[in-house]
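Everything below concerns the one structure shown next.
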Amino acid sequence: MRPLSPSKAPAPRAEQIILFRVSGQIFAVSSASVQEVRGVDSLSGAAKKISQPGLGKVQYFAQRGDNSFYVISAAMHFGLPPSPPALVFMLRRTRTALLVDGIEKMTSMTRLQALPRSFCHEERGWYRGLTALDQSVLPVVKPEGFLTPDEMFLLDAAMSPALADTGSDPEAGDSFADAGVEQ
Amino acid sequence: MTLIAETELQSFVLLRLGDRRFAVAATQISELVAPSRVFRFPHRTAEVEGVILRRGRIVPVCDVAEKLVGKPLKSRRFYLIAQRNYGAQTEWVALPVSGDCELINAEMTLPSDSDAPHVSGWLSHGGDVIEVLNLAALTPGPGELLAPVAPLAQQEARP
Chain U
122 MRPLSPSKAP APRAEQIILF RVSGQIFAVS SASVQEVRGV DSLSGAAKKI SQPGLGKVQY
182 FAQRGDNSFY VISAAMHFGL PPSPPALVFM LRRTRTALLV DGIEKMTSMT RLQALPRSFC
242 HEERGWYRGL TALDQSVLPV VKPEGFLTPD EMFLLDAAMS PALADTGSDP EAGDSFADAG
302 VEQ
Chain W
1287 MTLIAETELQ SFVLLRLGDR RFAVAATQIS ELVAPSRVFR FPHRTAEVEG VILRRGRIVP
1347 VCDVAEKLVG KPLKSRRFYL IAQRNYGAQT EWVALPVSGD CELINAEMTL PSDSDAPHVS
1407 GWLSHGGDVI EVLNLAALTP GPGELLAPVA PLAQQEARP
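Line order of the protein sequences matches chains U and W.
Going by this note's numbering, the first residue of the first sequence is number 122, and it counts up by one from there.
Going by this note's numbering, the first residue of the second sequence is number 1287, and it counts up by one from there.
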């Protein structure tokens, strides 16, 4: 009979995350929810600058194949001072892309703590939770939290003429997709 | 001392915010810790200034001094880590305090209808009458509206 091997504690499941910077503040986002990372230059010509009253954080509208999406200033979304973005995160399973200043690093987290209930306003929709990394605490953003369904509805209604226009010119819609490197 | 009087005594932690003292039921206090780095990130809950890391837990910091004494604390001596109930759930909150804390046994007088929601009772200790704080009314939480609490300097001398 073989002696029982000492029981091992199961290794905590790690989730790959991207730490990114917006106006000097560091946030984390799951790598799995970022479809592509592009330079802001890729927006020129491919995305239409928009200005929707009450939704100043939504800066561009773009068409990609059959799908349209909105490019959001992370600084304005979080109420941070404006800063020139350098990158766009195309967020998977959403119709949003995010303007950020830069990537700090890629790493992994093993524990995500729910946002304490003391935080009881809009931030509950912004974050999946908080994680402690290297003796620091970082908010982990919720990709679907950048636009509420109501905001999306409002934007779609305002952009419906543009949708019709770009729909007739698939080349223009795809130019954004061709401009960057898929992750 | 009669048995009845003994059973009415409860333990409280006295905390200092500026010139005033307040009490919290000792059963709600987890520990008293030295101030540590407050991590800040964007949010919209004005009553929470950030979070600290304590024993692997992320604990929100709620400065209740502005509500209770009318101004935020200039200096922080400790964080009182208290348990805050959210229905059946309990979470820690860190309350900055400006002086030493003291554990006492005292008999609590229940609040009257005219008392502010953050008052869960009154203690008489060392010649002072001290408010016992109701943390659920003083610190934010989902679905709860925090009534503004006027600084009531005269309440410590309440008869």
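Note that beta-carbon positions come from the ideal geometry of N, C-alpha and C, so glycine has one too.
So if DSSP puts residue i in a beta bridge, which residue, or which two residues, is it bridged to?
i: Ile1416(W); result: Leu1409(W)
i: Ser194(U); result: Leu220(U)
i: Ile138(U); result: Ser151(U), Thr228(U)
i: Ala1402(W); result: DSSP output for Ala1402(W) lists no bridge partner at all.
i: Phe1308(W); result: Leu1301(W), Glu1417(W)
i: Pro1346(W); result: Val1337(W)
i: Gln1369(W); result: Trp1378(W)
i: Met211(U); result: Glu157(U), Ala218(U)
i: Thr1331(W); result: BP columns for Thr1331(W) are empty, so no partner.
i: Gln173(U); result: Leu176(U)
i: Gln234(U); result: Leu251(U)
i: Val1319(W); result: Tyr1365(W)
Measuring only between beta-carbons, confirm whether residue i sits less than 7 Å from chain U.
i: Glu1377(W); result: yes
i: Gly1407(W); result: no
i: Ile1344(W); result: yes
i: Pro1403(W); result: no
i: Leu1339(W); result: yes
i: Arg1363(W); result: no
i: His1411(W); result: no
i: Arg1330(W); result: yes
i: Thr1425(W); result: yes
i: Val1319(W); result: no
i: Pro1428(W); result: yes
i: Val1310(W); result: no
Determine the contact status of residue i and residue j, defining contact as a CB-CB distance below 7 Å.
i: Pro260(U); j: Phe148(U); result: yes
i: Gly1407(W); j: Val1418(W); result: yes
i: Val1350(W); j: Leu1381(W); result: yes
i: Thr231(U); j: Pro133(U); result: yes
i: Val258(U); j: Phe210(U); result: no
i: Phe240(U); j: Thr1331(W); result: yes
i: Arg213(U); j: Gln156(U); result: yes
i: Val1355(W); j: Trp1378(W); result: no
i: Arg238(U); j: Pro1428(W); result: yes
i: Gln180(U); j: Ser194(U); result: yes
i: Leu1303(W); j: Leu1366(W); result: no
i: Val161(U); j: Pro206(U); result: yes
Give the straight-line distance between the Cα atoms of residue i and residue j, rounded to the nearest whole angstrom.
i: Glu1333(W); j: Thr1425(W); result: 7 Å
i: His198(U); j: Leu233(U); result: 22 Å
i: Ile1338(W); j: Asp271(U); result: 34 Å
i: Phe1325(W); j: Asp1305(W); result: 28 Å
i: Glu1294(W); j: Leu1409(W); result: 12 Å
i: Gly1412(W); j: Pro1397(W); result: 20 Å
i: Leu1438(W); j: Asn1420(W); result: Because the pLDDT at Leu1438(W) is just 40, under 50, the model does not fix this residue reliably, and the value given afterwards should be weighed accordingly. Near 15 Å, if we compare the C-alpha coordinates of Asn1420(W) and Leu1438(W).
i: Tyr191(U); j: Leu236(U); result: 27 Å
i: Glu292(U); j: Thr215(U); result: For Glu292(U), the predicted model reports a pLDDT of 38, less than 50, meaning its position is unreliable; a value from the coordinates is still stated below. So the two alpha carbons sit approximately 22 Å from each other.
i: Tyr1372(W); j: Ile1315(W); result: 15 Å
i: Leu275(U); j: Phe1364(W); result: 48 Å
i: Gly200(U); j: Thr1395(W); result: 45 Å
i: Glu225(U); j: Ala153(U); result: 17 Å
i: Gln1375(W); j: Ala1368(W); result: 13 Å
i: Arg1370(W); j: Thr1313(W); result: 11 Å
i: Pro203(U); j: Ala196(U); result: 6 Å
i: Pro1328(W); j: Asp277(U); result: 28 Å
i: Ala1422(W); j: Arg1362(W); result: 22 Å
i: Gln184(U); j: Val1383(W); result: 54 Å
i: Asp255(U); j: Asp1401(W); result: 45 Å
i: Val262(U); j: Val1405(W); result: 37 Å
i: Ser1297(W); j: Glu1393(W); result: 9 Å
i: Gly186(U); j: Ala167(U); result: 12 Å
Please check if any C-beta of chain B sits within less than 7 Å of the C-beta of residue i.
i: Arg238(U); result: The chain inventory of the structure shown lacks chain B, comprising the protein chains U and W.
Residue i CB to nearest chain W CB: under 7 Å?
i: Leu251(U); result: yes
i: Glu136(U); result: no
i: Pro260(U); result: yes
i: Glu243(U); result: yes
i: Gln234(U); result: yes
i: Phe267(U); result: no
i: Phe199(U); result: yes
Quiz item: Any chance the stretch 241 to 253 of chain U sits against the stretch 173 to 189 of chain U, with 3 or more Cβ pairs inside 8 Å?
Solution: no
Quiz item: When the Cβ atoms of the stretch 136 to 148 of chain U are set against those of the stretch 212 to 227 of chain U, are three or more pairs found closer than 8 Å?
Solution: yes
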